[in-house]
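Below: one structure, written as structure tokens.
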Amino acid sequence: MIQLSSILSCLALFVIPIFVGRAVWMILKKRTSISFPWLTYFILGSLTIFGWALISQYLLLKLFPGSNFVFLLKGGVFGCFLLSLGINGKFWRKNFRFRLRNSPWEIVWFLGLAALIFGLWRWRSPYPLNWDFLEHQALVNTILKGRYSFVTSRISDTFIFNGYSSFFHTLLATVQAIFPPKVLDFWLAISFCHLFLVILASWIFAEQISQDKTIAFFSSLLGGLIFESVTFTSLFFMPQTFTAVIFIFLFTQMIRGAQAENLPPSWLLGISCLFLFLIHYVIGFLAALILAGTYLYITLRDHPAAKIGFGLLKIMVILLLILGLVSPLINLNFLNQGEAKFYNFNLAKKLFLFQRAYGLSLIVFVPLGIKEILSRRKKEEFLVIVIGGIIFILVLTNLPYMFKFYVLGRFFIHLVMAVGMGALVSRLNSRSLRMLGMSFLAVTFGLIFTTNTIYWKEILYYQSLLTHLSGNEVKAAEFLINKYGQKSVLLLSDPATQGIFEAISGFNTQGGVYANLSTRKEVDIKTFFENPDLFSRELNGVYDRFEVNPTNRFLILSGRYFLWAKRPIEEKNALYFNLWTPADLTFEDYKVGYQMVTSRPDLFELIYLNPTLMILKVKSSFTL
Amino acid sequence: MKQLGKNLRSILGIFVLGTISLWGVSLPENVPVKPVGEMLVAGFKNGLSLYQNQRPYYYNFFPFDDYLIHGDGKRTAFITQEEIKGNSYQAVLHQSHWQKIQKAVLSYFGLATPTAIFKGENKITYSVSVEGNKMTVNSVLAPQPKTGLQGVGRTISFYSSDFVFDFQGNLYTEKSEEDQAYLKQFYGIEPELMEGKFRYRVPGRSLIILNPNIAAVMIVRSVDPQELWVNQYTNHVEIETPAKSGKNEFLSKIQVEIYDSPKEALRSL
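If you read the protein sequences in the order shown, they are chains A and B.
Going by my numbering, the first sequence opens with residue 524, and the numbers climb by one from there.
Going by my numbering, the second sequence opens with residue 2, and the numbers climb by one from there.
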């Protein structure tokens, strides 16, 4: 069972910004009626929290040097929340019965579908399957220790590339400071909430564009059941997927406003674009561009100058096609210290990734959907084809990280597919036949999701589980917390073990999963066999710019660590390579640990042992 | 009538398009995979193998190693060298792509186990049944040769670096003194090396295989009237089952249990 504090922490991520944002809206005396007001409140509230964090760090701490950042953050935000209860009091009393646009059956569908998908996904997987949560939680842990900056790489050396600001992590740190959760439970809870929001967003988006609940049904089905590698939209809560969900809500808000001839004001669009950009620079920038472009199209489409705009759009599409053709000649694999090479997929690989997520349904239903949209001649649906098509062309270009843009594009592509599926079903003239058709397609996509899950989790076998983490690793982390909780500790191991322990224990490592080359060399066990004293010196010499002189250095010899040590040097040094699955200690592994502790007790001391790992204290004395 | 036709066409269209969508899914090569304690069992093109994820050590149940024992004492493999060289046998892990999809989905929920069928001069079907950390590997030879079959020898391969020993304290693989000292240090076990022959009948009904490079220990058990042998020359454990005349097919079983350490394995006695 997930702990209550973890659930509260997860819900607070949405509730606190909404309340604070509403209060800000009232203070700004904005009476303008907007659709999806809670979305606007959430954006305003989140930006307020981020703003407060930056003010605390860059102003208040300088004015009052003895202050504690976490206290200021937690206190300030919780104070704002309490204040907002007063400011919003009348509003919430008046609107106590939460007026849902969706019928109760639709809510049951969203929750039921989310529960079913989440259950299928988590079958035999007791811990979060989102590997990236490790680095995000590591950053949150560091913020909660009082180290803060706008720039992520200035908070933790796990972040070597600043792909986003610390906005996302500030929100997480805030709620975890107010309601301290069990970390693993928190990430399970937030993953479920995120999946629910993806399904909800897919439904609302499709219903607004098509005005058809059957299409909305199929869009929500695809939204939840399609899980793409690299983008991970539906099941992983991370900056790029969070950006995508907020973007789709914003896009829907804009379309609803346009249809009601009540577009959101441009300043609100500006703030929303800023929000998206701060969460993820690249995805947010594209999302902002799409929002701004759509806004311009809606406001200026009847303007005489609109023809120039459409002309520019056509030129842009042609340029994109040319980019797609010449992209194999452009080499950007050096980006992100060479990690980009691993994310530069050729066309065959991209098609394979699509096939894994969709089977052949993309090829089957997209053309059907396009044909149906062209025959229906609805402006909004045509806009969906244009935006979806542009993103799809970008995705297919042979440049690094392009596939990540599909995190935005998938909502549009799914809507096109849903229109195709809806057209098939609508030809059936009896309700029971339509239900049969819809059920069959639901089961089909359920099976596609299951086979995709099987493929995705295939490498994660550990005993009878499919998991990134083991119970023994969690127990070891708990041991470290209980015994060394308040002490200065630097953990040393292979990158994967480092990343795991940094997230779940809260202790620091050099770089976590992204340890630098120097650290990778210094922790390599082969040095012990050549020269134990040198190995000890190297371990003591691992330099972490945030934990320069730790009191305790612990070497974690896990089954993973020993497997990593046997890999070729290219893999050991590669940022993209990890041991994704736990491994228990073997007879040979035990021998090594035993030798280290018994032959050189002056250098190493065993402080913890379980079937998966042993933790050695690295003693700091050595002869010069 | 016109509406009925339209409905039929539409519903058929939905079924066909949905089926095509599903047909195009990608599946891992070796499905189904079944956990057995600390290890996994899966089908490969040469047979079934027991292995541990991320570690390149495989304990194989292959028709190229299993053998028929004839009345004159001669032995022939289920699939002979001539058949291998002439490529005149067929290995079947799945009957069709749809069967593969079905097995993959069922195995995700623990409801399917791997099978492998080999068709040469003999037709042999390998299958497993698993309960927790206990696995039975079945092989069905059908049809059973009408005359002259004395028995069937089933085999499990092991590595020369493994500790292979029995509960009577006999060690069947040569290990360094250092390794034997560690075995005693870690698990209190001190078996003595058997020397002088290359093939030994195991006195009891159980044999332990400890691979120093995987985090698991295997116990191979024989049941009456099977005989348990260790062949140092071929690095195989051999389980010989006498034939029963008058039967159309020959079913033989190997029982394997997986534990996470020798201590756990010894407690199972």
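Built from N, CA and C at the ideal position, the CB exists for glycine as well.
All figures in this text were calculated on a predicted structure; none of them were measured in a lab.
Between the segment 147 to 162 of chain B and the segment 51 to 63 of chain B there are three or more C-beta pairs closer than 8 Å, enough to call the two in contact. For Val42 of chain B, there is no enclosing alpha helix (DSSP H); the residue is found in the beta strand (DSSP E) stretching over Met40 to Phe45. Of the residues assessed, Ile566 of chain A falls on the buried side of the cut-off, its CB having 16 or more other CB atoms within 10 angstroms. Taking 8 Å as the cut-off between beta carbons, the residues of the segment 30 to 45 of chain B near chain A are Val32, Val34, Pro36, Gly38, Glu39 and Leu41, in sequence order. Between the alpha carbons of Ser725 of chain A and Phe741 of chain A lies a gap of roughly 9 Å. Looking from the CA of Trp1087 of chain A, the closest CA among A:Leu652, A:Thr693, A:Lys1049 and A:Met961 belongs to A:Lys1049. In the DSSP annotation of this structure, the continuous segment of the beta strand (DSSP E) that includes Val138 of chain B starts and ends at Lys135 to Leu142. For Gln878 of chain A, the neighbours in chain B by C-beta distance under 7 Å run, in chain order, Gly25 and Ser27. The shortest CA-to-CA distance from Gly205 of chain B to any of B:Glu191, B:Met219, B:Gly189 and B:Gln169 is the one to B:Gln169. The shortest C-alpha to C-alpha distance from Ser714 of chain A to any of A:Arg1076, A:Ala576 and A:Ile530 is the one to A:Ile530. Between Leu586 of chain A and Ala637 of chain A, the C-beta gap is not smaller than 8 Å, which leaves the two residues out of contact.
With a threshold of 16 other beta carbon atoms within 10 Å, Lys248 of chain B falls short and is exposed. Uninterrupted alpha helix (DSSP H) stretches at least 4 residues long and entirely within the segment 762 to 811 of chain A occur at 762 to 782 and 789 to 802, given in chain order. Residue-level contact by beta carbon holds for Thr1104 of chain A and chain B, with a gap shorter than 8 Å. Pairing Ser607 of chain A with Ala546 of chain A gives a Cβ-Cβ distance under 8 Å. For Asp1056 of chain A, the uninterrupted alpha helix (DSSP H) segment begins and ends at Pro1055 to Gly1064. Here the alpha carbon of Glu178 of chain B sits roughly 17 Å from the alpha carbon of Tyr1113 of chain A. Interface residue (Cβ-Cβ distance to chain B less than 8 Å): Arg677 of chain A is not classified as such. For Ala143 of chain B, no Cβ of chain A is located within less than 8 Å of the residue's own Cβ. Under a criterion of Cβ atoms nearer than 9 Å, the residues of chain A adjacent to Ala105 of chain B are, in order, Thr973, Thr974, Ile977 and Tyr978. Fully contained in the segment 1084 to 1121 of chain A are the following alpha helix (DSSP H) runs of length 4 or more, in chain order: 1092 to 1095.
With distances taken between CA atoms, Thr764 of chain A lies nearest to A:Leu799 out of A:Tyr1117, A:Phe1085 and A:Leu799.
The beta carbon of Phe1127 of chain A sits closer than 8 Å to those of Ser1059, Leu1078, Met1119, Val1120, Leu1139, Lys1140, Val1141 and Lys1142, all from its chain and outside the five residues before and after it, given in chain order. Put simply, the CB of Tyr650 of chain A is far from chain B, with every gap to its CB atoms at 8 Å or more. Taking a Cβ-Cβ cut-off of 8 Å, Gly170 of chain B has no neighbours in chain A, whose nearest Cβ is about 19 Å from it.
Take the alpha-carbon of Phe1051 of chain A and the one of Glu1094 of chain A: they are about 20 Å apart.
In the displayed model, Asn1133 of chain A falls within a strand according to three-state DSSP.
Restricted to the segment 616 to 685 of chain A, the alpha helix (DSSP H) segments that are unbroken, complete and at least 4 residues in length are 627 to 644 and 656 to 667, listed in chain order. For Tyr183 of chain B, the residues of chain A that pass the 9 Å Cβ criterion are Phe1110, Tyr1113, Lys1114 and Tyr1117, in the order they occur in the chain.
Under the 10 Å beta carbon count, Tyr985 of chain A is surrounded by 16 or more other beta carbons and is classified as buried. At a cut-off of 8 Å between beta carbons, Asn869 of chain A makes no contact with chain B.
The alpha-carbon of Glu1061 of chain A is positioned some 45 Å away from that of Tyr234 of chain B.
Scanning the segment 957 to 997 of chain A from its first residue to its last, no whole alpha helix (DSSP H) run of 4-plus residues comes out.
Chain-ordered listing is empty here: chain B has no CB closer than 8 Å to the CB of Tyr1084 of chain A, the nearest sitting near 12 Å. The Cβ atoms of Leu142 of chain B and Phe251 of chain B sit closer than 8 Å to each other. Note on Met777 of chain A: 16 or more other CB atoms within 10 angstroms of its CB, so buried under the neighbour-count rule.
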